[in-house]
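Student: Just so you know, the sequence shown maps onto residues 571 to 974 in the working numbering. Sharing a structure with you now.
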Amino acid sequence: MSRALLLSVLALPPLLLGAQDRAFIGATLVDGTGRPPVAGATVLVRNGRVVAAGAGVTIPAGAERVDLAGKFVMPGLVNAHGHVNTARELRTYAMYGTTTVFSLGGEAADVFEARRAQEIPTLDRSRVFVSGPVLAPNTPDEARTQVAGVVAQRVDFVKIRVDDNLGTVKKMPPEVYRAVIDEAHRRGSRVAAHLFYLGDAKSLLDAGADLVAHSIRDAEVDDAVIAQLKARNTCVVPTLMREVSTFVYESTPAWFDDPLFRMHPDRAQVAGLVDPTRQQAMRVSPVAQRYKAALEVASRNLKRLHDAGVPIAMGTDTGPAARFQGYFELMELELMAKAGLSPADVLASATRTAARCMGAERDLGTIEPGKWADFLVLDANPLTDISNVRKISSVWIAGNRVPR
Ligand SMILES: [Zn+2]
Numbered sequence: 571m572s573r574a575l576l577l578s579v580l581a582l583p584p585l586l587l588g589a590q591d592r593a594f595i596g597a598t599l600v601d602g603t604g605r606p607p608v609a610g611a612t613v614l615v616r617n618g619r620v621v622a623a624g625a626g627v628t629i630p631a632g633a634e635r636v637d638l639a640g641k642f643v644m645p646g647l648v649n650a651h652g653h654v655n656t657a658r659e660l661r662t663y664a665m666y667g668t669t670t671v672f673s674l675g676g677e678a679a680d681v682f683e684a685r686r687a688q689e690i691p692t693l694d695r696s697r698v699f700v701s702g703p704v705l706a707p708n709t710p711d712e713a714r715t716q717v718a719g720v721v722a723q724r725v726d727f728v729k730i731r732v733d734d735n736l737g738t739v740k741k742m743p744p745e746v747y748r749a750v751i752d753e754a755h756r757r758g759s760r761v762a763a764h765l766f767y768l769g770d771a772k773s774l775l776d777a778g779a780d781l782v783a784h785s786i787r788d789a790e791v792d793d794a795v796i797a798q799l800k801a802r803n804t805c806v807v808p809t810l811m812r813e814v815s816t817f818v819y820e821s822t823p824a825w826f827d828d829p830l831f832r833m834h835p836d837r838a839q840v841a842g843l844v845d846p847t848r849q850q851a852m853r854v855s856p857v858a859q860r861y862k863a864a865l866e867v868a869s870r871n872l873k874r875l876h877d878a879g880v881p882i883a884m885g886t887d888t889g890p891a892a893r894f895q896g897y898f899e900l901m902e903l904e905l906m907a908k909a910g911l912s913p914a915d916v917l918a919s920a921t922r923t924a925a926r927c928m929g930a931e932r933d934l935g936t937i938e939p940g941k942w943a944d945f946l947v948l949d950a951n952p953l954t955d956i957s958n959v960r961k962i963s964s965v966w967i968a969g970n971r972v973p974r
């Protein structure tokens, strides 16, 4: 070894010195690009990223081999709308196969720190992107000041809510959200909008909102809003499980007995949700019944928007109480299928499309050279039945096995 080369090796950080090629061998590869699955594929990973993926990959001498014969490999799930309250929750998302979460508001400081520290080849928990505090300005001037504040925190999205919570609170006025969107765009940031009503969706899209963070749920979508969405290829995040969480605990859900759900670390919350008094209150709650009806509207709108060619990014709004991070994402996939999307369409929505909608397609969303090696190993084919995503054999982030 030449002196110059020796010095350059010694200058590498210790993590890289220990890095080794890892070859995942023998699985059927569903790479997330939409190309047909490849049987007997190899995924070669170096320093956390995919070097090669497919058939006929040459495995370097000395590479660690991971035998995946009989398994299926697909990209890790990308959740376009979750909430990561504290960094510890990134382990929960990871063990259920959601390898990236776009947290749309309310993150603690350690989540910002987690985002800063995730571009490393040793990562073994989910990646996170942040929005900071959800903005609630009262005037256009306040709007501009608040946008400046979160942009200074280098948020990935600026988040606003335009909703009256079924007529119970004051809705952000149009002149205020127009100022938010204008100021965010002026500063090179994008705006994710929580909304409920078709009319607000139209007005927000007119104002230039970049992401529709929930379903339109008060009315069927019409040609006008479809045209608005398509004009700028604006993505919609259905968050169907958000609606489910508002009424499902009127009784004890069957999935509380699912062994996969029972892996969830948040057992204390489960204990509260089986309380009969609480369940009775939810049964008679008019709010719960209205959101139950809204889920049906949202499901029909998902199908209509998808058929019209509007990009749909999988998202759940998990993170608040009774919305179980990780497990709800798996249920969201099933609800999207139930709404009429094919397994391939649901899979794309939860991987490639979500990554693209959130501006992360350079690094995430498919298993292709150059991207982070974030993927799931399944015991069954997700393209046959999207519920097969539940059959997780292992989860890998940056090519590292996630503890579960
Ligand atoms: Zn949310």
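We treat Cβ as the ideally placed atom computed from N, Cα and C, and that holds for glycine.
1) Under 8 Å between the Cβ atoms of I962 and S696?
2) Quick one: is T923 buried, meaning 16 or more other Cβ sit within 10 Å of its Cβ, or exposed?
3) Does the stretch 778-785 come within contact of the stretch 797-806, defined as at least 3 CB pairs closer than 8 Å?
4) Where does S957 sit, in a helix, a strand or coil, going by DSSP?
5) Please go through the stretch 840-923 and give each complete alpha helix (DSSP H) segment of 4 or more residues, from N-terminal end onward.
6) What's the C-alpha gap between D752 and M742?
7) Got a sec? Which residues, its chain only, sit under 6 Å from T603 by beta carbon, not counting five neighbours each side?
8) Any heavy atom of ligand 1 within a distance shorter than 7 Å of the CB on L674?
9) Over the uninterrupted beta strand (DSSP E) stretch that includes V620, give me the two end residues.
10) Exposed or buried, P606, counting other C-beta atoms within 10 Å across all chains shown (16 or more means buried)?
11) Just reading off the alpha helix (DSSP H) that H755 is part of, what are its end residues?
12) Which runs of the alpha helix (DSSP H), 4 residues or longer, sit entirely within the stretch 598-658?
13) Measuring straight from C-alpha to C-alpha, what distance separates G624 and L900?
14) Indicate whether V746 and L768 have their beta-carbon atoms separated by less than 8 Å.
15) Quick one: grab the DSSP three-state call for T715.
16) What's the C-alpha gap between A679 and A722?
17) Quick one: using the 10 Å Cβ neighbour count with 16 as the cut-off for buried, is M665 buried or exposed?
18) Which partner residues of N970 appear in the DSSP bridge assignment?
19) Nearer than 7 Å: is that true of the beta carbon of S726 relative to any heavy atom of ligand 1?
20) Identify the continuous beta strand (DSSP E) that holds V732 and give its terminal residues.
21) What did DSSP end up calling G769 once you bin it into helix, strand or coil?
22) Output the residue ranges of the beta strand (DSSP E) runs that lie fully inside the stretch 768-815 and measure 3 residues or longer, sorted by chain position.
23) According to DSSP, is L660 helix, strand or coil?
24) So, is S906 buried or exposed, given that buried needs 16 or more other C-beta atoms within 10 angstroms?
25) Would DSSP call V725 helix, strand or coil?
26) How many Å lie between P890 and A631 at the Cα?
27) Which whole-angstrom value describes the C-beta separation of G667 and H653, a residue pair presumed to lie in contact below a C-beta threshold of 8 Å?
28) Given this structure, state the Cα-to-Cα distance separating G737 from G758, to the nearest angstrom.
29) For the alpha helix (DSSP H) containing L830, list its first residue and its last residue.
30) Just checking D601 against ligand 1 - is the residue's beta carbon closer than 7 Å to any of the ligand's heavy atoms?
31) Short of 7 Å in beta carbon distance, which residues of its chain neighbour E938, apart from the five on each side in sequence? Order them along the chain.
32) Please name the residue, chosen from F831, V840 and V761, that lies closest to S701 on a Cα-to-Cα basis.
Tutor: Taking the structure as given:
1) Contact: no.
2) By the beta-carbon neighbour count (other beta carbons within 10 angstroms, threshold 16), T923 is buried.
3) Taking a cut-off of 8 Å for Cβ pairs, the stretch 778-785 and the stretch 797-806 touch, as three or more such pairs fall below it.
4) Secondary structure at S957: helix, using DSSP grouped into helix, strand and coil.
5) Along the stretch 840-923, the alpha helix (DSSP H) occurs as fully enclosed runs of 4 or more residues at 846-853, 856-877, 897-908 and 913-919, listed in sequence order.
6) Looking at the two C-alpha atoms, the distance is approximately 15 Å.
7) T936.
8) Yes, the Cβ of L674 comes within 7 Å of a heavy atom of ligand 1.
9) R619 to G624 is the extent of the beta strand (DSSP E) around V620.
10) Per the 10 Å Cβ criterion, exposed.
11) Per DSSP, H755 belongs to the alpha helix (DSSP H) from P744 to R756.
12) Here no run is fully enclosed.
13) Approximately 26 Å between the Cα atoms of the pair.
14) In this structure, V746 keeps its C-beta atom at 8 Å or more from the C-beta atom of L768.
15) Three-state DSSP puts T715 in a helix.
16) Between the alpha carbons of A679 and A722 lies a distance of about 14 Å.
17) Buried, since its Cβ has 16 or more Cβ neighbours within 10 Å.
18) N970 is bridged to I967.
19) One point to set straight first is that residue 726 is Asp, not Ser, in the sequence displayed. D726 Cβ: outside cutoff for every heavy atom of ligand 1.
20) V732 -> beta strand (DSSP E) spans V728 to V732.
21) For G769, the secondary structure class from DSSP, reduced to helix, strand or coil, is helix.
22) As for any beta strand (DSSP E) of minimum length 3 sitting wholly inside the stretch 768-815, there is none.
23) Correct three-state label for L660: helix.
24) Ser is not the amino acid found at residue 906; the sequence shown has Met there. The residue in question, M906, is buried, as its Cβ has 16 or more Cβ neighbours within 10 Å.
25) If DSSP states are grouped into helix, strand and coil, V725 belongs with coil.
26) Near 48 Å, if we compare the C-alpha coordinates of A631 and P890.
27) Not quite, the Cβ-Cβ distance comes to about 18 Å (not below 8 Å), so this is no contact.
28) Here the alpha carbons of G758 and G737 stand approximately 33 Å from one another.
29) P829 to R832 is the span of the alpha helix (DSSP H), which, as asked, contains L830.
30) False, no ligand heavy atom lies under 7 Å from that Cβ.
31) Here E938 has D601, T603, V620 and A623 as same chain residues with Cβ atoms under 7 Å from its own Cβ, once five neighbours each way along the sequence are excluded.
32) Taking S701 as reference, the option from F831, V840 and V761 with the minimal CA-CA separation is V761.
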